[in-house]
Amino acid sequence: MQLFRYRAIDANGHKCNGTIEADHADRLPALLQAMALELIDAHPLPNLIKHLVHRKHSRRQSIHFCFHLKLLIGSGIPLIDALADLRDTAETADMRRIATSLIAAIESGHSLSQALAWHPNAFDEVFISLIRAGESAGQLPEVLANLVDTLKWEDELATQTRRLMLYPLVAGSVVLAAATFVTLHLVPQIKVFVHDMGHALPMSTRLLIGIADLTENYGAVLLPGLGLTILMLPFLRDTNPGIRQLIDRRSLVLPLIGPLIHKLILSRFTKLFAQLYAAGIPVLEAIQIIQPAINNFALRDELRRVELSISEGVSIATAFRSSALFPPFVIRMLSAGERSGTLETALENISHFYTRDVRERAAQLQQLIEPAMTLVLGGLLGWIMLAVLGPFYDVITTIAP
Numbered sequence: 001m002q003l004f005r006y007r008a009i010d011a012n013g014h015k016c017n018g019t020i021e022a023d024h025a026d027r028l029p030a031l032l033q034a035m036a037l038e039l040i041d042a043h044p045l046p047n048l049i050k051h052l053v054h055r056k057h058s059r060r061q062s063i064h065f066c067f068h069l070k071l072l073i074g075s076g077i078p079l080i081d082a083l084a085d086l087r088d089t090a091e092t093a094d095m096r097r098i099a100t101s102l103i104a105a106i107e108s109g110h111s112l113s114q115a116l117a118w119h120p121n122a123f124d125e126v127f128i129s130l131i132r133a134g135e136s137a138g139q140l141p142e143v144l145a146n147l148v149d150t151l152k153w154e155d156e157l158a159t160q161t162r163r164l165m166l167y168p169l170v171a172g173s174v175v176l177a178a179a180t181f182v183t184l185h186l187v188p189q190i191k192v193f194v195h196d197m198g199h200a201l202p203m204s205t206r207l208l209i210g211i212a213d214l215t216e217n218y219g220a221v222l223l224p225g226l227g228l229t230i231l232m233l234p235f236l237r238d239t240n241p242g243i244r245q246l247i248d249r250r251s252l253v254l255p256l257i258g259p260l261i262h263k264l265i266l267s268r269f270t271k272l273f274a275q276l277y278a279a280g281i282p283v284l285e286a287i288q289i290i291q292p293a294i295n296n297f298a299l300r301d302e303l304r305r306v307e308l309s310i311s312e313g314v315s316i317a318t319a320f321r322s323s324a325l326f327p328p329f330v331i332r333m334l335s336a337g338e339r340s341g342t343l344e345t346a347l348e349n350i351s352h353f354y355t356r357d358v359r360e361r362a363a364q365l366q367q368l369i370e371p372a373m374t375l376v377l378g379g380l381l382g383w384i385m386l387a388v389l390g391p392f393y394d395v396i397t398t399i400a401p
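The numbering used here puts the first residue of the sequence shown at 1, with every later residue one more than the last.
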């Protein structure tokens, strides 16, 4: 998808501008017309700008969208009226824009799933496919209710993961700030003093002075370079498939958190797979739909191989068994579910097992991280203080009677 900046005229004749994603510039007039806008002109934006300024629709906005429609449609209110109520009560301009676009598209004869497909930055293929299945079966309120539960589950796991990383980030930032202050401001003054005294310096002090000299001489290049590298890594990861593949595969084998990441991905995959299968979507099509929703490229590549094997007539369990990224437990459950005709239940059980395991392991890891970080950071600060105060102590003990 390409990001475009457009200028258009709204229904009241006022000029407006904004950004929109489309697979081709020729689709822009139709997309904007669905938003009650008439295109004046548009131009594509570079991928870097897309990465920096075009934020993804938040999960909580999607929860609000599904919950609102579920309540109103389930109460017998027509879809367009439900969307109009959502538009009028939306808290964000983004949600109002999307609701307006959906209303215009449905009034033009499109289905809800077709209208949602015009907003790929807000609704992924899994979401759209489930809505399409709900429309076909006449069970849209039920599908929306299931989506609410799934999105809430994903939000809870994401919140727990963020909480797990918060303490190390905050503690590390505080220590880094303290170490930078000592290195740039305190050490140069100490260096002059201890050199004037003519005493031999301990190894810790010499090492700290060396770091301070390196920072002083090359800091103007190293620090901005490091900051730019950190800022560019997400962009490079998203735009370079080779780098993305390497990072994603390595993330699954990281100490402590690698297994947690792996189980989290497997839990989400099996939950989405169960939902699509329960909605009547065939196995092969469900695997195709899920692939773009899997953020880890290593697992996504394995799913492509699984899809190819199943398309050649291999059983589901055998296809998954050929991949090293799917543990024996997953294979056993899939095999049992496939043989007994209860694949949906097997997938739900796998997701439940890994969800519970992720929550328990995350809680245990958080209990380990806090004291471990305290020891590491305390040791680092202690070493800095020893390196700073050691020469003073040596001088005092030398001149003391």
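Ideal Cβ placement from N, Cα and C applies to all residues, glycine included.
Look at the stretch 83-158 and you find these whole runs of alpha helix (DSSP H), each 4 residues long or longer: 93-107, 112-116 and 125-137.
Sequence-distant partners of Leu-184 (beyond 5 residues in either direction) whose C-beta falls short of 6 Å from its own C-beta are missing from its chain. Nearest to Val-388 by alpha-carbon distance, out of Leu-186, Val-253 and Leu-276, is Leu-186.
By the criterion of a C-beta distance shorter than 7 Å, Leu-83 is surrounded in its chain by Ala-99, Leu-102 and Ile-103, once the five residues flanking it on both sides are discounted. As a beta-bridge residue in DSSP terms, Lys-15 pairs with Ile-9.
The DSSP-derived three-state label of Ala-279 is coil.
Assigned with DSSP and collapsed to three states, Ala-22 falls in strand.
Remark: C-beta atoms of Ile-63 and Leu-3 do not approach each other more closely than 7 Å. Taking the CA atoms as reference points, Leu-334 sits about 27 Å from Gln-139. Looking at the backbone, the Cα of Arg-321 and that of Glu-302 are separated by about 11 Å. Using a 10 angstroms sphere on the CB of Ile-230, the tally of other CB atoms stays under 16, which defines it as exposed.
Look at Ala-42 here: in three-state DSSP terms it is strand. Using a Cβ-Cβ distance cut-off of 8 Å, the stretch 140-147 and the stretch 169-179 are not in contact, since fewer than three pairs of beta carbons, one from each stretch, lie closer than that value. Cβ neighbours of Leu-299 within its own chain (closer than 6 Å, five residues either side excluded): Ile-265 and Leu-325. Secondary structure at Phe-4: strand, using DSSP grouped into helix, strand and coil. Look at Leu-37 here: in three-state DSSP terms it is coil, with no helix or strand label. Across the structure, Leu-31 and Ala-105 are spaced so that their CA atoms are roughly 9 Å apart. For Gln-245, the enclosing alpha helix (DSSP H) begins and ends at 241-251. In terms of Cα proximity to Ala-11, the closest of Glu-216, Leu-37, Gly-18 and Ala-25 is Leu-37. Annotated three-state conformation of Val-388 is helix, per DSSP. For Leu-252 against Ile-243, the beta-carbon gap comes to about 16 Å, at or over 8 Å, which does not count as contact.
Just so you know, the alpha carbons of Gln-367 and Arg-332 end up roughly 32 Å apart. Put simply, of His-43, Leu-377 and Leu-169 the residue whose alpha carbon is nearest the alpha carbon of His-24 is His-43. Between the C-alpha atoms of Glu-312 and Leu-343 there is a straight-line separation of about 20 Å.
Proximity of the stretch 149-169 to the stretch 357-366 meets the contact definition, three or more beta-carbon pairs being nearer than 8 Å. Taking each of His-119, Leu-284, Ile-310 and Leu-71 in turn and checking the Cα distance to Ile-20, the smallest one comes out for His-119. Secondary structure at Val-314: coil, using DSSP grouped into helix, strand and coil.
Nearest C-alpha to Ala-115 among Leu-79, Ala-90, Ala-145 and Asn-146: Leu-79. By the neighbour-count definition (other C-beta atoms within 10 Å, threshold 16), Tyr-218 is an exposed residue.
Taking 7 Å as the cut-off, the beta carbon of Ala-319 is found closer than this to the beta carbon of Ile-310. By the neighbour-count criterion, in which 16 or more other beta carbons inside 10 Å mark a residue as buried, Val-192 falls on the exposed side. By the CB criterion at 7 Å, Ser-108 and Ile-131 fall outside the cutoff. The C-alpha of Ile-290 lies about 13 Å from the C-alpha of Phe-123. In summary, Val-170 is exposed, with fewer than 16 beta-carbon neighbours lying within 10 Å of its beta-carbon over all protein chains present. Judged by DSSP in its simplified three-state form, Thr-270 adopts helix.
Nearest to Pro-255 by alpha-carbon distance, out of Met-385, Arg-7 and Ile-369, is Ile-369.
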